[in-house]
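Participant: Under this note's numbering, the first residue of the sequence shown is numbered 4, with each subsequent residue one higher. Got a structure here, written out as C-alpha cells. Questions coming.
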Amino acid sequence: MTLPFVASDLDGTIVKNKDFKILDKTIEDILNYQEKSGSKFFIVTGRVFATSKVYINQLNVTLPVVGCNGAAIVDPITREVLFEDVVKKEFSEKIIDFAKENNLDLIFYTATSIVGLNDSERIVTFGESYKDLDSSLRPEMICFENLDELKECVMNGIHKPVKYLFSFPLDGNDKIIDETIKFLNQLDLNCPTTKMGDRFLVDAMNNGINKATGLQKWAEIMDVDINTIHTAGDNNNDIEMTEQSPFGCIVENGVENAKKIAKRVLKHIEDNGVGEYLRELVDQNK
4 MTLPFVASDL DGTIVKNKDF KILDKTIEDI LNYQEKSGSK FFIVTGRVFA TSKVYINQLN
64 VTLPVVGCNG AAIVDPITRE VLFEDVVKKE FSEKIIDFAK ENNLDLIFYT ATSIVGLNDS
124 ERIVTFGESY KDLDSSLRPE MICFENLDEL KECVMNGIHK PVKYLFSFPL DGNDKIIDET
184 IKFLNQLDLN CPTTKMGDRF LVDAMNNGIN KATGLQKWAE IMDVDINTIH TAGDNNNDIE
244 MTEQSPFGCI VENGVENAKK IAKRVLKHIE DNGVGEYLRE LVDQNK
C-alpha cells in the first residue's frame, strides 16, 4: 500500500498564528512523511505563494501549491502559475472604492505576490515576521501610497488580483465587518472569513472558488483521484475541502463549524496534531 497525498492548510493548522512558526516536531514528522511517501505532502492555503515560500522550503514541498483559498496554483520548483482565477475589473473597482469610502485596510494577492499600501496591516506584519529570512524566501510585496494608485494598477492590468483581503481589528468592528460581507455578497463574490490572532480577515474572490475547487483543479492537473487526498485544516475557509474529502481532518484548536463536519479531529496544533496524523499513516503502511 502506498502512502496517500496529504493537503494541509498552513496558519492555525501547522503554522502557529502567534509567531508564524511550525513546531520542530511537526517539521520533523512532515519531512519524514515526505521521505517515506515520495514527497506527497503539499500545501493548500489562504496565503499567496509569496508568503508560503519559507514553509515550502522548510518542508521540502515539491508538489504544486494551492494558494489564495483555491484561486491560484503555483509550481514551487519552476514558479510557473498553473492556474489563476482573476477577479473581474468591474468588481475590483467597486471593492477598492468601497475600501476608500470606508477607510478600510485592503490588500490583494496576485498568483505570486502581495499588493497593498505601505501601511497595510498584512504588509507590515509580513514584513516584520520575515525580515530576517534570506531574500529568496521573503515575500514579494508591491506597495503603493494610496488606494487610488492601487486601483490604477489594477484597472490598467499591471497586477491581476485573484483575492482581495480586508483586515479588521478583532474587537469593536462587528458593524463594518457585517457591512463589508453584505457588500461583497451583493456583488455575488465568495467572502470566506478567518480569525487570526487579534485580526478578523475577510477575503473577496470570484464566486465558486474555494479550497475544495482548488483541490479539484490540482487533482485534474496532477491526474490524481481527489477522493484519495487527505486534508487538514482549522478554520472557516477549510470547511468546503473538509466536507469534500473522505479523509477531511480538522485540528482540535479549529473553529467549531469546521470540527462539526470533520471526519476526524486531530490533536491541537501545539500538540503536533498534523505531525502525529502523518506518523500514524506511515505506521499503518508498514
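Where is the CB? At the ideal position from N, CA and C, for every residue including glycine.
Quick check on DSSP: helix, strand or coil for Arg202?
Facilitator: Here Arg202 sits in strand by DSSP.
Participant: Quick one: give me the first and last residue of the beta strand (DSSP E) that Leu281 is part of.
Facilitator: Counting along the chain, Leu281 falls outside any beta strand (DSSP E), though it belongs to the alpha helix (DSSP H) covering Gly276 to Gln287.
Participant: Quick one: grab the DSSP three-state call for Glu87.
Facilitator: Reduced to three states, the DSSP call for Glu87 is strand.
Participant: Opposite Ala308 in the DSSP bridges: which residues?
Facilitator: The requested residue 308 is not part of the displayed model; the chain covers only 4 to 289.
Participant: How many angstroms separate the CA atom of Val285 from the CA atom of Phe171?
Facilitator: The straight-line gap from Cα to Cα measures roughly 41 Å.
Participant: For the structure I just gave you, are there three or more beta carbon pairs, one from the region 68-76 and one from the region 98-117, closer than 8 Å?
Facilitator: Yes, the region 68-76 touches the region 98-117.
Participant: With distance defined between alpha-carbon atoms, name the residue in Gly130, Asn60 and Gly160 nearest to Pro142.
Facilitator: Among Gly130, Asn60 and Gly160, the Cα nearest to that of Pro142 belongs to Gly130.
Participant: Is DSSP giving Lys166 helix, strand or coil here?
Facilitator: Lys166 falls in the strand class under three-state DSSP.
Participant: So if DSSP puts Ala75 in a beta bridge, which residue, or which two residues, is it bridged to?
Facilitator: Answer is Gly70 and Glu87.
Participant: Taking the alpha-carbon of Thr128 as reference, which of Asp137, Asp108 and Val9 has the nearest alpha-carbon?
Facilitator: For the residues Asp137, Asp108 and Val9, the minimum Cα distance to Thr128 belongs to Asp108.
Participant: Between the Cα of Trp221 and the Cα atoms of Val47, Ser40, Ile33 and Asp27, which residue gives the shortest distance?
Facilitator: For Trp221, the nearest C-alpha among the options comes from Val47.
Participant: Grouping DSSP H, G and I as helix and E and B as strand, with all else coil, what is Val51?
Facilitator: Here Val51 sits in coil by DSSP.
Participant: Is DSSP giving Phe186 helix, strand or coil here?
Facilitator: It is helical.
Participant: Taking the C-alpha atoms as reference points, what is the distance between Glu93 and Leu190?
Facilitator: Going by the C-alpha atoms only, they are around 10 Å apart.
Participant: By Cβ distance, which residues of its chain are closer than 7 Å to Gly260, with the 5 residues on each side in sequence left out?
Facilitator: The amino acid at residue 260 is misidentified as Gly; the sequence shows Asn. Asn239 and Ile242.
Participant: Could you pull the start and end residues of the alpha helix (DSSP H) that Cys146 belongs to?
Facilitator: Element bounds for Cys146: not the alpha helix (DSSP H) but the beta strand (DSSP E), Met144 to Phe147.
Participant: May I have the straight-line CA-CA distance separating Lys56 from Lys24, to the nearest angstrom?
Facilitator: Those two C-alpha atoms are separated by around 13 Å.
Participant: Are there 16 or more other CB atoms within 10 angstroms of the CB of Ser123, so buried, or fewer, so exposed?
Facilitator: Looking at its Cβ environment, which holds 16 or more other Cβ atoms inside 10 Å, Ser123 is buried.
Participant: Please return the same chain residues whose Cβ sits closer than 8 Å to the Cβ of Ser158, not counting the five positions on each side in sequence.
Facilitator: Here residue 158 turns out to be Met, not Ser, going by the sequence shown. Hits under 8 Å: Lys92, Ser95 and Glu96.
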